Amino acid sequence: MSDKSCNVQAQEGQQLKKVAGPLLLWGLGVGYVISGDYFGWNFGLAAGGFWGLFAATILMAIMYTSMCLTIAELSTAIPFSGGAYAFARRAMGPWGGYLAGIGVVLEYVLAPAVIVNGIAGYVHVLFPDVAQWMLVIGFFAVFLIMNTLGAKTTLNFELVVTAIAVVGLGIFAYLAIPHFDASKLTNIAPTEGNSKVLPFGLVGIWAAIPYAIWLFLAIEGLPLVSEECKDPAKDMPKGLISSISTLVITAFLVLFLAAGNGGADAMSTSASPLPEALAGALGQAHWSMKGLALIGLAGLIASFNGIIFGYGRAIFSLSRAGYLPRFLSAVHPRFHTPYVALLVGGAVGIVGAILGNGDVLIQIAVFGAVISYIMMMLSAIVLRKKEPNMPRPYKVPLYPLTPYAALILAIIALFAGFFYAPKVILWTALVYAIFVAYFAFYSRHHLVAKAPEEEFELLRKAEEELG
1 MSDKSCNVQA QEGQQLKKVA GPLLLWGLGV GYVISGDYFG WNFGLAAGGF WGLFAATILM
61 AIMYTSMCLT IAELSTAIPF SGGAYAFARR AMGPWGGYLA GIGVVLEYVL APAVIVNGIA
121 GYVHVLFPDV AQWMLVIGFF AVFLIMNTLG AKTTLNFELV VTAIAVVGLG IFAYLAIPHF
181 DASKLTNIAP TEGNSKVLPF GLVGIWAAIP YAIWLFLAIE GLPLVSEECK DPAKDMPKGL
241 ISSISTLVIT AFLVLFLAAG NGGADAMSTS ASPLPEALAG ALGQAHWSMK GLALIGLAGL
301 IASFNGIIFG YGRAIFSLSR AGYLPRFLSA VHPRFHTPYV ALLVGGAVGI VGAILGNGDV
361 LIQIAVFGAV ISYIMMMLSA IVLRKKEPNM PRPYKVPLYP LTPYAALILA IIALFAGFFY
421 APKVILWTAL VYAIFVAYFA FYSRHHLVAK APEEEFELLR KAEEELG
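According to full-length UniProt numbering, the sequence shown is numbered sequentially starting from 1.
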């Protein structure tokens, strides 16, 4: 860091308003993910069969639960909006912080580009005369405006649509349980040399991991709201633990009941697995078909809105510290929201949604997410050794087993993505290379010492010198 950058003062108005408590955090944490219960996970049935996907889901449930417990400790010790970036910066310096932060930015900026096409596709059925691209721009515009108007407005809306989506899963379970048929779980024809239990063999478990991730992807973004918590030391652990607990329950609920009603084979290619799972037992004309489809739309909107909220904070925190261009950290003078970060991320999302390949975008997003998982778990382990006396209002249980379990499973998940989608290596390497070059040649020489994460690091070094 240059001497000049150490003297740069933080821009005025770069503070976010504290509005979030445990309930709003639960709504955001579950809302980030809930669309994954309504679609996407079921394609893992074609990759691993029911029990292969079941085993992969167990592994990812362990990974995400362990990770949430670990980042609960990190977010109470380092309560800034940077999330993974702030943790890795404190533990491993500017390079570690940047690599972790860019992983989150890639995940959160690109995921809405994929989700919005799902929303627009559904609405296009109702309004066929409206072009898909107009719907994409329209939905982004509406939710960018709402996110700019204030965090409390956004989080209250998120809580409502998340609650609707969770209630929809409860309705699905109520209707599906009486018609559950265990024989339908294994109706996928096995490949040569394999059984109905694992129709694609043990390798099917490996191949199903990227789809099991869909049931939990983005929960790790909750610490991005740490700076806006009323009491992060108490509220963030409650929000993370309640969110992941809800998502583990809903994940296994939809996995068993969808496959056990509609059949694993049919569900493996379904674009709307929950309504179609009930169609055989209740008929196509049953109200649950349209009802669950509408509620599923609420789930998509919850994830879309929540992730927009998250990427605004991720870009804001990296910009405030100088890792990304400084203008991105401007805060709205009236609403105290990172409106420039929201708008720029939205512009990238719109272009990606209209011109990009959805498969490639989600592959890059998932890869970026897993990179951030690895960096966060390493941060927790490094900080326990580097700063054992750092105040930790919440401590991860069963340390060091918990972060090491998440770290090992994250590495497995990273290579599972390579195995099933080799193109992700090329595309992600290219995107990462561009960001790394920007940091190496420019932004690392212009870091801002007065950003909270940077100021804490300078203070720590000064204390060491005085000691």
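All C-beta atoms in this analysis are idealised placements derived from N, C-alpha and C, irrespective of residue type, glycine included.
Quantities reported herein were computed from a predicted structural model and do not represent experimental measurements.
### Query
Using DSSP with H/G/I as helix, E/B as strand and the rest coil, what is Ala131?
coil
### Query
Near Pro79, which residues of its chain fall below 8 Å by C-beta distance, leaving aside the five closest residues on each side in sequence?
Ser226, Glu227, Cys229, Pro232, Ala233, Met236
### Query
Since Asn117 and Ala258 are thought to touch, with beta carbons under 8 Å apart, how far apart are those beta carbons, to the nearest angstrom?
With a Cβ gap of about 22 Å, Asn117 and Ala258 do not count as contacting.
### Message
Only counting the same chain, and skipping five residues up and downstream in sequence, which positions put a Cβ closer than 6 Å to that of Ala111?
### Response
Ile307, Ala365
#### Entry: Cutoff 8 Å; reference Met60; Cβ partners in own chain excluding five residues on either side
Ile209, Ala212, Ile213, Leu215, Phe216, Leu409, Ala413
### Query
Is it the case that the Cβ atoms of Arg320 and Val130 are separated by a distance below 8 Å?
No. Outside cutoff.
### Query
Buried or exposed: Met67, going by 16 or more other Cβ atoms within 10 Å of its Cβ?
buried
### Task
Would you mind sorting Ile191 into buried or exposed? The rule is 16 or more other CB atoms within 10 Å of its CB.
The question names Ile, yet the displayed sequence has Thr at residue 191. Its Cβ having fewer than 16 others within 10 Å, Thr191 is exposed.
### Message
Quick check on DSSP: helix, strand or coil for Ala91?
### Response
helix
### Task
For Val382, collect the residues of the same chain with a Cβ closer than 7 Å to its Cβ; drop the 5 residues on either side in sequence, then sort them by chain order.
Ala91, Met92
### Query
Relative to the C-alpha of Tyr323, which residue among Gly44, Tyr85, Trp51 is closest?
Ranking Gly44, Tyr85, Trp51 by Cα distance to Tyr323 puts Tyr85 first.
#### Entry: Ala271, DSSP secondary structure in three states
coil
#### Entry: Same chain, Cβ closer than 7 Å to Leu198, neighbours up to 5 away in sequence not counted
Gly49, Trp51, Gly52, Gly204
### Message
Using only CA atoms, which one of Leu45, Ile301, Pro333, Gln284 lies nearest to Val166?
### Response
Ile301
### Task
Confirm, please, whether the CB-CB distance from Ala56 to Thr269 is below 8 Å.
no
#### Entry: Beta-bridge pairing of Ala20 - partner residues as DSSP gives them
Cys229
### Query
If we ignore side chains and look at the alpha-carbon of each, how far apart do Met267 and Tyr394 end up?
41 Å
### Task
Throw me the rounded Cβ distance for the Ser303 and Ile34 pair, which I believe falls under 8 Å.
6 Å
### Task
Tell me whether the beta-carbon of Trp287 lies closer than 8 Å to the beta-carbon of Ala416.
Cβ atoms of Trp287 and Ala416: not closer than 8 Å.
#### Entry: When Glu73, Ser372, Gly368 are compared against Met390, the one with the closest alpha-carbon
Glu73
### Query
Counting only runs that start and end within the stretch 361-404, where is the beta strand (DSSP E) found for 3 or more residues in a row?
none
### Query
When burial is assigned at 16 or more other CB atoms within 10 Å of the CB, is Trp133 buried or exposed?
exposed
### Task
Please report how far the alpha carbon of residue 470 lies from the alpha carbon of Leu135, in whole angstroms.
The chain is shown from 1 up to 467; residue 470 falls before or after that span and cannot be answered.
### Query
Are at least three pairs of beta-carbons, each pair with one atom in the stretch 371-388 and one in the stretch 155-163, less than 8 Å apart?
no
### Query
When the Cα atoms are used, what is the spatial distance from Phe367 to Glu107?
8 Å
### Query
With respect to the alpha helix (DSSP H) encompassing Pro210, which residues constitute its N-terminal and C-terminal limits?
203-213
### Task
Determine the contact status of Gly29 and Leu222, defining contact as a CB-CB distance below 8 Å.
yes
### Task
Closer than 6 Å by C-beta to Leu240: which residues in its own chain qualify, once you throw out the five before and the five after it? Chain order, please.
Cys68, Ala72, Leu222
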